[in-house]
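Protein chains in written order, with the working numbering: chain A, 22 to 387; chain B, 22 to 387; chain C, 22 to 387; chain D, 22 to 387. Virtual Cβ for every residue (Gly too), placed ideally from N, Cα, C. These numbers come from a predicted model, not from an experiment. Working notes for the structure below.
There are 4 protein chains.
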Amino acid sequence: MKNTFGTSLSISIFGESHGEAVGLLLDGLAPGIPVDEDYIRAQLSLRRPAGRISTARQEPDPFRILSGVYEGHTTGTPVCIMIPNTQTRSKDYAATRFLARPGHADYTAWCKYHGFEDFRGGGHFSGRITAALVAGGAIALTALAQKGIRVGTHIRSCAGIRDRDFGDLAADIEALAHMPFAVLDAEAGARMLTRLEQIAEEGDSAGGVLETAVIGMPAGVGEPWFDTVEGLLSHALFSIPAVKGVQFGEGFDMADDLGSRFNDPFRLDGERIVTATNHNGGINGGITNGMPLLIRLAVKPTPSIYKTQDTVDLQTHEEAQLSIHGRHDPAIIHRARVVADSVTALVLYDLLAGRYGTDHFCKGEA
Amino acid sequence: MKNTFGTSLSISIFGESHGEAVGLLLDGLAPGIPVDEDYIRAQLSLRRPAGRISTARQEPDPFRILSGVYEGHTTGTPVCIMIPNTQTRSKDYAATRFLARPGHADYTAWCKYHGFEDFRGGGHFSGRITAALVAGGAIALTALAQKGIRVGTHIRSCAGIRDRDFGDLAADIEALAHMPFAVLDAEAGARMLTRLEQIAEEGDSAGGVLETAVIGMPAGVGEPWFDTVEGLLSHALFSIPAVKGVQFGEGFDMADDLGSRFNDPFRLDGERIVTATNHNGGINGGITNGMPLLIRLAVKPTPSIYKTQDTVDLQTHEEAQLSIHGRHDPAIIHRARVVADSVTALVLYDLLAGRYGTDHFCKGEA
Amino acid sequence: MKNTFGTSLSISIFGESHGEAVGLLLDGLAPGIPVDEDYIRAQLSLRRPAGRISTARQEPDPFRILSGVYEGHTTGTPVCIMIPNTQTRSKDYAATRFLARPGHADYTAWCKYHGFEDFRGGGHFSGRITAALVAGGAIALTALAQKGIRVGTHIRSCAGIRDRDFGDLAADIEALAHMPFAVLDAEAGARMLTRLEQIAEEGDSAGGVLETAVIGMPAGVGEPWFDTVEGLLSHALFSIPAVKGVQFGEGFDMADDLGSRFNDPFRLDGERIVTATNHNGGINGGITNGMPLLIRLAVKPTPSIYKTQDTVDLQTHEEAQLSIHGRHDPAIIHRARVVADSVTALVLYDLLAGRYGTDHFCKGEA
Amino acid sequence: MKNTFGTSLSISIFGESHGEAVGLLLDGLAPGIPVDEDYIRAQLSLRRPAGRISTARQEPDPFRILSGVYEGHTTGTPVCIMIPNTQTRSKDYAATRFLARPGHADYTAWCKYHGFEDFRGGGHFSGRITAALVAGGAIALTALAQKGIRVGTHIRSCAGIRDRDFGDLAADIEALAHMPFAVLDAEAGARMLTRLEQIAEEGDSAGGVLETAVIGMPAGVGEPWFDTVEGLLSHALFSIPAVKGVQFGEGFDMADDLGSRFNDPFRLDGERIVTATNHNGGINGGITNGMPLLIRLAVKPTPSIYKTQDTVDLQTHEEAQLSIHGRHDPAIIHRARVVADSVTALVLYDLLAGRYGTDHFCKGEA
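Below, the structure written as structure tokens:
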């Protein structure tokens, strides 16, 4: 058990919300992958809060690449990306140090780390750490794109409002890449924002469902037992704060229906074997079948709300009440989607590098 | 990527449906865990098909423990459990060798193994391999029970019919342990069986939702990033054939609701810190909070149906039609539930042995 | 920590000397590797004791392949090889159950497994378990040979008598493949055997140095930190019972000399970059340089001797004396060399499959 | 294969000699371990070059702890230590960019990374990276010391001159802790220094043998197959640049002798079971027996020498000659010994945390 994921690509996370920095260590990237700092910055900006529906903390995320990149390309040795913490207002948290916030990890951290944890702003559990995943994910997304593999995530639903279904995946993924609020149906997106602002005013919070699509994955990737594509992706995706469910293809919607409706019959598309439908989300027996991957994440409402809540004081061991002030997001789903893209890309990189070798994403001699 | 799972307990699976045997290798079991072969047999019998809703293949699963057990206890060295295959009728499969069954792993196996795979009866992808997981899971369940940790799974819904919710978890888990068809509400269970028989007669198949509860888990187990309890459990649980979704607590049901409803406020229960509700399924920030774990699995309808389906001949690369004969389950959810118990127990063993050391489950000197 | 080794090829060992079987699980073998049972048998025969210098236990090692092989080729799914134990005379050991044999693992096993260990014949620590490594190693050796990579080990010295140095490596490796007592200089070999028989008569035991050569390895395999070729090979090779030292190239002989003598200058051999000398044993910075790998293992004298030794009774916790009877080898170095070949081949397979992908050793479609 | 080591403690290295920084990520440290920055600095100073026998590069190694430490103790979350590179004179290397230095990793890096590697100053292969290991090792050494486990390394021999054998281990380890040139016999140490200066003047280089002792290790730690104490230690220790051999206890010296001399008979020392001798270096069957661990490392002469050497130009693919200028150590063994201490401590931490649980080194509540 550890804060590291992956076999061929090892993904390790470090840092605390109000410590010196958050960061990511990627070990196993092929030599020769272009590293475009502007693209990393653009991806980070998609994760950054914006407008009334997000916390007021507006860090520019000035990442630094400490190792593994030389003259604009990965070297093949470990890449360490550090994002220094600059705007930390720790006094916001000191007053409620021992009041475990419901729905947060304060109590479980206390049980696990015996009070030695850096509790400020959620410490190592803070969503801020996902910035490091996004920075590293940008490199993986670049590498996948070179092989014709594209990843995109939309907010399928939020606060009870549904986006339209994915349509032309290539076009939808392209459109999503530049959308600050990733909803395919603009009108539905506008309604979500209005509803989220309402919820924010009520001091409450909302969740939703993210749906990720991946096109261009070759068939035959994944393992039948344990290291299934579903197992590996879900393992990593459950690390995104607030994710409480992961499903592939139709997932829970298939559960109460009939086999004759969901079997995805095979047919030919020119020379290529494809399935007529894609209820299984591009995976059979844990292995890719060449169809688009379809993944849905249940994102619970952010636990930081402004209503008074019952809790226990961890130090005095007495029941208490908690009113949270400070900076918090009434929703994080719109920020989480680029994290979903990033984590998905890192896991697929791992799978493909294992399948095809460590140089699979190398562009040839320098 | 491999057919092995776990850090402190390493769980490796082997075997093909129509090969010599299926089996499991467990490395990391503490010395001194009682191994009760009758209990293993009883667990295997819960996985075995029964009645009209299951395949006619009725193997007694005569397992053999090849290593790691001496005088009725684990020795602390690797335990290999082998279940020989005895009733294999391979000719059932030869005729349709190259007709990829929709919804199955035939095509993905072809892409991955280039035709060298043992295709007979699904080969390494066969649900039969879960028998080995059940045999090994029985040892893990025994070890957990010694620490007051109990695991139970019911069919929350099947073919559109709902079981009642979990109530008194200790009593429900106890009741489920001996139920061949694990539905808490007997009347709902009877309706499910009737519906399943109907579906079988139509040559179709059904899925459903399994819900697993775990009581007695200590707080503070799991890691914040990647090796979250959700991540580890989902990684392993997605290996159970037909599972296409995993969620914890209310999962997808929380996604479109408000934070104020799902935060599980803390309170005292005597000396113990508990939560008033358990929407998060016993896990905050990826770490156990001492409340019961609640896990739901989406089980898709079994892909083996008797209706004619479109497919492609992998050898001739031409479109074709497939009618399946032979032995198949119109539903496997009632058999999968003991697999869910087993996999859950193995993963929790791994987590606890990592947290508390390799002797945590040792009963003291021989 | 576990009884499993490898990343792309996972190698797991199980079994006890006097239990039901010993065995090996190999996960990660490419599909399509030919599995020649006669070759496996031949390799096993090289490990089997022979003549006066070896224990009288003469098992035919009738291995069974339980999974992962179909119609003479690996399928790509886990290969489990089981070697049943047939000639177990456990009563030989019962009398001295609690008298820890000096130099053996009896006392450390007692400390680790708290008395639950299967102590008979060394249990899980027995050299017998290496038979499983040899069976599995035969498959890895076949796969390597298909890529032009050959492995061979000679007894560089034994009981104080030196074999000649390696000369023409291709010819030497070829010759060693069929030698029951792997000494390149026949006259030195005869002297070793005479000396070993003498030592056996004195109730004593001998060790020696094994030297393994590998030709045909491509340059650029291995990692700079931690997963160096030296680190991975030594990690696995130290599992061979009685190995207490591992060195590469000139190893300890370089330590007290000058840099100018050992730097292996580069030159061209036609188009190929080679080194003029090979003091570094084919590895620079932990990575292969395309020259032959050269590995030496220090094999300590087998601890089973017939002289009376001081020990402690683990049960009564009193000092005691031990006289060993039963079957024991006065030397195992001549049997260990095929184990060294096998372990080396398995580790190199792991390295190459990681470098070039999981299909690297696949021979193409079935 | 990767730049990460360890199961319960994950040790990952990053950085290049002339990049922005070198660093270490430690994941799995218990919460509550005191982190004494002065002690880290003192350890780093032991690794720093000094006097005529070392390179002129004199960096103060101003490390920064980016995460995982709060108010003077580890938090239990990943600790990232960064050591910025400040005195980098890259132009020293540009002229000989494509002339592979014999004995170095230039050629193997070229083969592995296809020219994308940061070649300046050895890049990721530079001994400079061991500074990060020393900084992290200091935390592991502190944690071990709290459990009464002490680690010390002396230069057993260098340039052909022998130090005295270890005597009273507790006293010797204590004395070594503060010795800049770690030789127990002061007179031998003085002769080594004189000889090294001579060798430096000749433009040549020297190696030697390091011997590490560990006292206070409990019995019963390690695994019988693959994750033996010897296997794990050697795996990590071979990463120290220039190490070409690792042996335990008498190692290669036992190989040509008799079993009756090396079996380490058991006896009682009060209540404790001990061995009368310690030829096996505290390890039987891969598992600690409670006696001191004794480890020897063969350190080859540093490959950077000032004599003209034959090589090949990697770009033009022509034979060439190389004369090295710039800063280089004529010997690194006196600097490597604190690296040996550090790596040993990190590996033992990993073993003990796996054996006794993740909190084993926690000092209790904050």
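- Closest option to residue 118 of chain A, judged by alpha-carbon separation, among A/188, A/204, A/275, A/332: A/332.
- The segment 189 to 202 of chain C makes no contact with the segment 259 to 279 of chain C, as fewer than three CB pairs between them are under 8 Å.
- Taking 8 Å as the upper bound for CB-CB distance, residue 29 of chain C and residue 374 of chain C are in contact here, some 4 Å apart.
- Interface annotation, residue 299 of chain A: not in contact with chain B, CB-CB separation never under 8 Å.
- The Cβ atoms of residue 175 of chain B and residue 184 of chain B lie closer than 8 Å to each other.
- Ranked by Cα distance from residue 45 of chain C, the first of C/57, C/370, C/83, C/36 is C/36.
- Looking at A/65, A/69, A/90, A/41, the one whose alpha-carbon comes closest to that of residue 47 of chain A is A/90.
- Scanning chain B for C-beta atoms nearer than 7 Å to the C-beta of residue 346 of chain A yields nothing, as the closest lies near 16 Å away.
- Secondary structure of residue 133 of chain A (DSSP, three-state): helix.
- Scanning the segment 201 to 239 of chain A for uninterrupted alpha helix (DSSP H) segments of 4 residues or longer gives 207 to 222, listed from N- to C-terminal end.
- With respect to residue 287 of chain D, residue 123 of chain C sits close: the two C-beta atoms are nearer than 8 Å.
- The alpha carbon of residue 228 of chain C has as its nearest neighbour, out of C/121, C/319, C/335, the alpha carbon of C/319.
- For the segment 321 to 346 of chain A, the residues whose beta carbon sits under 7 Å from a beta carbon of chain B are, in order, 321, 322, 323, 324, 326, 328, 330, 331, 332, 333, 340.
- About 3 Å separates the Cβ atoms of residue 268 of chain A and residue 266 of chain B, confirming a contact at the 8 Å cut-off.
- Inter-residue distance for residue 251 of chain C and residue 105 of chain D is about 29 Å (C-alpha atoms, whole angstroms).
- Going by DSSP, residue 58 of chain A is part of the alpha helix (DSSP H) stretching over 58 to 68.
- Per DSSP, residue 290 of chain D lies in no alpha helix (DSSP H); the unbroken beta strand (DSSP E) holding it starts and ends at 287 to 290.
- Close partners of residue 38 of chain C in chain D (Cβ separation under 7 Å) are lacking, with about 12 Å as the shortest Cβ gap.
- Taking all protein chains shown into account, residue 186 of chain D has fewer than 16 neighbouring C-beta atoms within 10 Å of its C-beta and is therefore exposed.
- Close to residue 145 of chain A, with beta-carbon spacing below 9 Å, are these residues of chain D in chain order: 88, 89, 96, 97, 98, 99.
- For residue 132 of chain D, the chain C residues whose Cβ falls inside 7 Å of its Cβ are 240, 241, in order along the chain.
- Pairing residue 308 of chain C with residue 126 of chain D, the inter-Cα distance amounts to about 8 Å.
- Residue 366 of chain D has its alpha-carbon roughly 26 Å from the corresponding atom of residue 98 of chain B.
- The C-alpha of residue 283 of chain A is placed about 52 Å away from the C-alpha of residue 382 of chain D.
- Scanning chain C for C-beta atoms nearer than 7 Å to the C-beta of residue 208 of chain B yields nothing, as the closest lies near 43 Å away.
- With a threshold of 16 other beta carbon atoms within 10 Å, residue 244 of chain B meets it and is buried.
- Across the set C/314, C/364, C/353, C/42, the C-alpha of C/314 shows the shortest separation from the C-alpha of residue 242 of chain C.
- Counting along the chain, the unbroken alpha helix (DSSP H) around residue 273 of chain C starts and ends at 273 to 276.
- For residue 289 of chain C, the number of other beta carbons within 10 angstroms of its own is below 16, and it is reported as exposed.
- At a C-beta separation below 9 Å, residue 160 of chain A has no neighbours in chain D, since its nearest C-beta there lies roughly 14 Å away.
- Contact between the segment 353 to 371 of chain B and the segment 156 to 175 of chain B is present, with at least three C-beta pairs closer than 8 Å.
- Look at residue 118 of chain B here: in three-state DSSP terms it is coil, with no helix or strand label.
- When 8 Å is used as the limit between beta carbons, residue 378 of chain C is near these residues of chain A: 375, 376, 377, 378, 381, in chain order.
- Cβ atoms of residue 129 of chain D and residue 301 of chain C stay farther apart than 8 Å, at about 10 Å.
- Excluding five sequence positions before and after residue 249 of chain A, the CB atoms of its chain that fall closer than 6 Å to its own CB belong to 243, 307, given in chain order.
- For the segment 27 to 51 of chain D, the set of positions with a beta-carbon nearer than 8 Å to some beta-carbon of chain B reads 28, 29 in chain order.
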